[in-house]
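Student: Its first residue numbered 1243, the sequence shown is counted upward by one per residue in the numbering used here.
Supplied in structure tokens, the structure appears directly below.
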Amino acid sequence: MNNEKKCLGCGVVLQSENILQEGYTTNLENDICQRCFRLKNYGEYQIVTKSNEEYLDILKGVGETKDLVLYVTDLLNLEKNISEIRNLLPNKMILVLNKKDALPKSVKEEKLKKYFADMDIHFEDIIVISAFKNLNIDHLLKRVKMLQTTKNVYIVGHTNAGKSTLINKLIQNYSDSEQELTMSPLPSTTLNTVKIEINEHLTIIDTPGLVDNGSILSHCDQKLVKKISPKKEIKPRTYQLKKNQSIVIEDLIRIDYVEGDRNSFTVFVSNDIKVKRLLNASNRKELKDLNKTTYDVKYDEDLVINGLGFVKIVDKGVIDVYVDKNVDVFLRKSLI
């Protein structure tokens, strides 16, 4: 068996001996594993569990190179700690803010870039893109050409940030290669590093996404994951809440407004996700069996539900949040 041959879709070593192990293919002449084949052709997803320790080892290897790194993140689902990957890697790095198409068109690119520039985390550049809509991909490539130190450029980020979509767009726009990475709205689609030669001056190296165990996507079935992942521009839903009123998002999270003056709550989640307001929340028991946390909200803060989206809250107040105990929820300065 040729241990060196890797799946062109996810980067795992191909093998034909054990159907239950990752990398299985019916024939070693194939270019992709059975998992990628079934995902690509039938939309079937097979869960593969890999630890973040394995992913971190790969990132440490990236840090030992002097190659340029593109850190791709999802604007709708930004990590709680943007500096985590930056601190792991000493390389030159461009922060790539992906999925601009999911946010309302009224949100300006410059405002988004300033938001991250104000964090005082060093990046060589901050670029807003939509890999899906081909927005600013030309500009990104120009900056890559200016900043790359060798022909190799690594792409890093958390799962579902759109790394594979971006790479496939680069292949489509600037390469004669017929290689295509496996894409899915589900976590852990890329299992190992995958090398793609765009041209003689640029080789993109995709890395596995860091798995965020606090993401709601890690605790949903496939059907709900697809529903949570927005397919088009989000239409924000705004609710004016008085004390003792609530917002319920699908059957995933309940937000009770327990203290404060009349306040504005704007929900930024996929249009396929149901949102409703409870006018007499004290008499309603919906989702009260979930884990409850109380938050003191300051002026202009977002309540972020990791993996789902966020709720912009205009004025200060106190809220009780009921959500699965495994899902990370936090406050941040308003993005929009």
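Note that CB positions come from ideal geometry on N, CA and C, so glycine has one too.
1) Contact check, Leu1452 vs Tyr1297 under 8 Å by CB: the rounded distance?
2) Going straight from the alpha carbon of Thr1536 to that of Lys1485, what length do you get?
3) Taking the Cβ atom as the reference point for each residue, do Leu1520 and Arg1526 lie within a distance shorter than 9 Å?
4) For Thr1536, does the three-state DSSP call read helix, strand or coil?
5) Cα separation between Glu1501 and Val1560?
6) According to DSSP, Val1565 sits in a beta bridge with which residue or residues?
7) Taking C-beta to C-beta, are Leu1483 and Arg1496 nearer than 9 Å?
8) Going by DSSP, what residues sit across from Asp1463 in a beta bridge?
9) Taking C-beta to C-beta, are Ser1457 and Asn1402 nearer than 9 Å?
10) Taking the beta carbon of Lys1518 as the centre, do at least 16 other beta carbons fall within 10 Å, making it buried, or is it exposed?
11) Quick check on the burial criterion: 16 or more other C-beta atoms within 10 angstroms. Buried or exposed for His1400?
12) Rounded to whole angstroms, what is the Cα-Cα separation between Ile1446 and Ile1578?
13) Per the contact definition of three or more C-beta pairs closer than 8 Å, is the region 1410-1417 in contact with the region 1258-1275?
14) Spell out a yes or no on whether the region 1436-1446 and the region 1337-1353 are touching, meaning 3 or more CB-CB pairs, one atom from each, closer than 8 Å.
15) Within the continuous alpha helix (DSSP H) that includes Arg1385, where are the two ends?
16) Kindly indicate which residue of Lys1473, Ser1512, Asp1463 and Ile1470 has the alpha-carbon position closest to the one of Arg1479.
17) List the endpoints of the continuous beta strand (DSSP E) containing Val1553.
18) What residue from Val1314, Tyr1266 and Glu1264 has the CA that sits closest to Thr1407's CA?
19) Less than 9 Å between the beta carbons of Ala1344 and Glu1475, yes or no?
20) Give the DSSP bridge partners of Arg1277, in chain order.
21) Can you tell which of Val1509, Lys1248, Lys1469 and Lys1342 has the C-alpha that lies nearest to the C-alpha of Val1197?
22) With DSSP as the reference, identify every bridge partner of Lys1437, one or two as the case may be.
23) Kindly indicate which three-state DSSP category Asn1513 falls into: helix, strand or coil?
24) Our contact map puts Leu1310 next to Asn1333 with C-beta atoms below 8 Å; I'd like the distance itself, whole angstroms only.
25) Which same chain residues, not among the five before or five after Ile1274, have their C-beta less than 6 Å away from its C-beta?
26) What does Tyr1416 pair with, by DSSP beta-bridge criteria?
27) Below 7 Å CB to CB, which residues in the same chain sit around Asn1378 once its five sequence neighbours on both sides are set aside?
28) Any idea which residues DSSP pairs Gly1399 with across the strands?
Tutor: Per the coordinate set shown:
1) Numbered from 1 along the sequence shown, position 210 holds the residue referred to as residue 1452. Numbered from 1 along the sequence shown, position 55 holds the residue referred to as residue 1297. With 8 Å as the limit, Leu1452 and Tyr1297 qualify as a contact, their Cβ atoms being about 5 Å apart.
2) Counting from 1 along the sequence shown, the entry for residue 1536 is found at position 294. Counting from 1 along the sequence shown, the entry for residue 1485 is found at position 243. Each residue's Cα considered, the two are about 14 Å apart.
3) As a working note, residue 1520 is residue 278 in the sequence shown. As a working note, residue 1526 is residue 284 in the sequence shown. Their beta carbons are under 9 Å apart, which means Leu1520 touches Arg1526 by this criterion.
4) Taking the first residue of the sequence shown as position 1, residue 1536 is located at position 294. Reduced to three states, the DSSP call for Thr1536 is strand.
5) Taking the sequence shown and counting its residues from 1, the one referred to as residue 1501 is at position 259. Taking the sequence shown and counting its residues from 1, the one referred to as residue 1560 is at position 318. If you draw a straight line from the Cα of Glu1501 to the Cα of Val1560, it is about 5 Å long.
6) For this step, residue 1565 is matched to residue 323 along the sequence shown. Within the DSSP bridge table, the entry for Val1565 names Ile1495 and Asn1533 as partners.
7) As a position in the sequence shown, residue 1483 is number 241, starting the count at 1. As a position in the sequence shown, residue 1496 is number 254, starting the count at 1. For the 9 Å CB-CB criterion, Leu1483 and Arg1496 do not form a contact.
8) Here residue 1463 is taken as the residue at index 221 of the sequence shown, counted from 1. Answer is none; Asp1463 lacks a bridge partner.
9) Locating residue 1457 in the sequence shown gives position 215, counting from the first residue. Locating residue 1402 in the sequence shown gives position 160, counting from the first residue. Asn1402 sits close to Ser1457, with the two beta carbons spaced by under 9 Å.
10) Against the sequence shown, residue 1518 aligns to sequence position 276. Lys1518 should be labelled exposed.
11) Position 158 of the sequence shown holds residue 1400. With 16 or more other Cβ atoms within 10 Å, it is buried.
12) In the sequence shown, counting from the first residue as 1, residue 1446 sits at position 204. In the sequence shown, counting from the first residue as 1, residue 1578 sits at position 336. Straight-line measurement puts the Cα of Ile1578 at about 32 Å from the Cα of Ile1446.
13) Three or more Cβ pairs closer than 8 Å define a contact, and the region 1258-1275 falls short of that threshold against the region 1410-1417.
14) As far as the Cβ criterion goes, the region 1436-1446 does not touch the region 1337-1353, which means the pair count is below three.
15) Your numbering for residue 1385 matches position 143 in the sequence shown. Arg1385: member of the alpha helix (DSSP H) spanning Ile1379 to Leu1389, first to last residue.
16) As a first step, residue 1479 is located in the sequence shown; it is residue number 237 there, counting from the start. Taking Arg1479 as reference, the option from Lys1473, Ser1512, Asp1463 and Ile1470 with the minimal CA-CA separation is Ser1512.
17) Locating residue 1553 in the sequence shown gives position 311, where the first residue counts as 1. For Val1553, the enclosing beta strand (DSSP E) has its first and last residue at Gly1551 to Ile1555.
18) On the sequence shown, residue 1407 is found 165 positions in, with the first residue counted as 1. Cα-wise, what sits closest to Thr1407 is Val1314.
19) Here residue 1344 is taken as the residue at index 102 of the sequence shown, counted from 1. Here residue 1475 is taken as the residue at index 233 of the sequence shown, counted from 1. In contact: Ala1344 and Glu1475 (Cβ atoms closer than 9 Å).
20) In the sequence shown, the residue the question calls residue 1277 occupies position 35. Bridge partners of Arg1277 according to DSSP: none are assigned.
21) Residue 1197 lies beyond the stretch modelled for the chain, which goes from 1243 to 1578, so this question has no answer here.
22) As a working mapping, residue 1437 is identified with position 195 in the sequence shown. In DSSP, Lys1437 forms a bridge with Ile1447.
23) Taking the first residue of the sequence shown as 1, we reach residue 1513 at position 271. Correct three-state label for Asn1513: coil.
24) As a position in the sequence shown, residue 1310 is number 68, starting the count at 1. As a position in the sequence shown, residue 1333 is number 91, starting the count at 1. Confirmed, Cβ separation roughly 7 Å.
25) Walking along the sequence shown from the start, residue 1274 turns up at place 32. Contacts found: Cys1249, Leu1250 and Gly1251.
26) As a first step, residue 1416 is located in the sequence shown; it is residue number 174 there, counting from the start. Partner(s): none; Tyr1416 has no beta bridge.
27) Reading the sequence shown from its first residue, position 136 is the one you call residue 1378. Once the five neighbours on either side are set aside, the close Cβ partners of Asn1378 are Ile1369, Val1370 and Ile1371.
28) As a working mapping, residue 1399 is identified with position 157 in the sequence shown. Beta-bridge pairing by DSSP links Gly1399 to Val1314.
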